[in-house]
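Note that the working numbering has the sequence shown beginning at 33, numbered continuously upward.
Contents: one structure, followed by commentary.
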Amino acid sequence: MHTCNRVVLLLLFTVTPFMLKAAEFGQPSNPAGVWEMDVAPGTHLVSFPVLPEDATVTDLLGDQFPGADVWEEATRIMTIDEGVVLGSYYNSTQSEWIGTLSSLNVNRAYWLIVPEGADEIMLRLVGAALTMGEVVVDDLQLGVNCVACPAIVPVTLAGSGLTSSGLLSAEFPAKADRVFIYSDDLLTPAWHNPAQGWVGADFTFHPGKGYLIERVSGPEELEWTRPELVVGAEPDRGGVSPRINPQLRSMLGTSPLNFDSPPWEVDDRAGASSTGGQR
């Protein structure tokens, strides 16, 4: 595991809606097939529900997106991996993706920043997805984790396995581990209350979208295991309440990630460490 400062926050930014379309999936025991997603200009928090083995930024995104000689004018992709901010941009002069992010994972969420004025891009993903059986989704670090939907189908918070995996439950959100959804230009938290179950934002994980989980205390790593999913079963909403104090919206800290500078040039004010070279 990388040695680094843990991430203490994220951002308020504008997200342009994007559309997801799924097709031709195999049986739940072998969920593989095709996934299409249309990406408009703007900043998106996304995940990739199906990916080939050893998927890379170059293989998936190729030369479909507008590029530039400098980071801030090009299409960029960023994530946080074990507390480290990683990112790459498409250099159209060199016809290559340059940066510290190269590998892609179905378990991870990514910020995909497409310059304004660009055409809408249709990404066609071909590969395998997470099994519908019980599966270890990810090792959640202390601090901020960028996570995907834990299945190729929608999954509720109650059915995600987060609490049974040890996500910290507490009466008040400041003392609990929190899951964030981005909507209405705000990051909105949900957390598990020992007496009431899941409270806060009322949402379901959806494949193709990205989410944030902030762990505030406990072991350095927490193994997230999602239980087996039954096809056609009515999802257990687990008593999630949509009632939330507006003052609790966007609680994920105070320092924004810097989308305007490459991660290898960002100092400790970003709240996370950056390592690696530019390729």
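The C-beta atom is built at its ideal place from N, Cα and C for all residues, glycine as well.
As the structure is a prediction and not an experimental result, all values here were calculated from the model.
The three-state secondary structure of Val89, taken from DSSP, is helix.
Scanning its chain for C-beta atoms nearer than 7 Å, with the 5 sequence neighbours on each side dropped, one finds around Thr88 the residues Ser134, Ser135 and Leu136, in chain order. Residue range Ile153 to Ala160 is occupied by the beta strand (DSSP E) that includes Arg156. Using a Cβ distance threshold of 8 Å, Val146 and Ala180 do not count as a contacting pair. For the region 163-198, the full-length beta strand (DSSP E) segments reaching 3 residues or more read 167-173 and 175-180 along the chain. Measuring C-alpha to C-alpha distances from Ala141 to each of Pro81, Gly159 and Trp67 identifies Pro81 as the nearest. In terms of Cβ geometry, Phe235 and Ala222 form a close pair [threshold 8 Å]. For Lys241, DSSP records a beta bridge to Val78. By the Cβ test, the region 253-262 is in contact with the region 196-216, since at least three Cβ pairs between them sit closer than 8 Å. The continuous beta strand (DSSP E) containing Val231 extends over residues Gly229 to Gly232. Looking at the DSSP output, Gly131 bridges to Ser120.
For a cut-off of 8 Å, the C-beta gap from Phe212 to Glu166 is around 25 Å, too long to register as a contact. Put simply, the backbone Cα of Trp143 is about 8 Å away from that of Gly242. Note that the C-beta distance between Asn177 and Glu203 is not below 8 Å.
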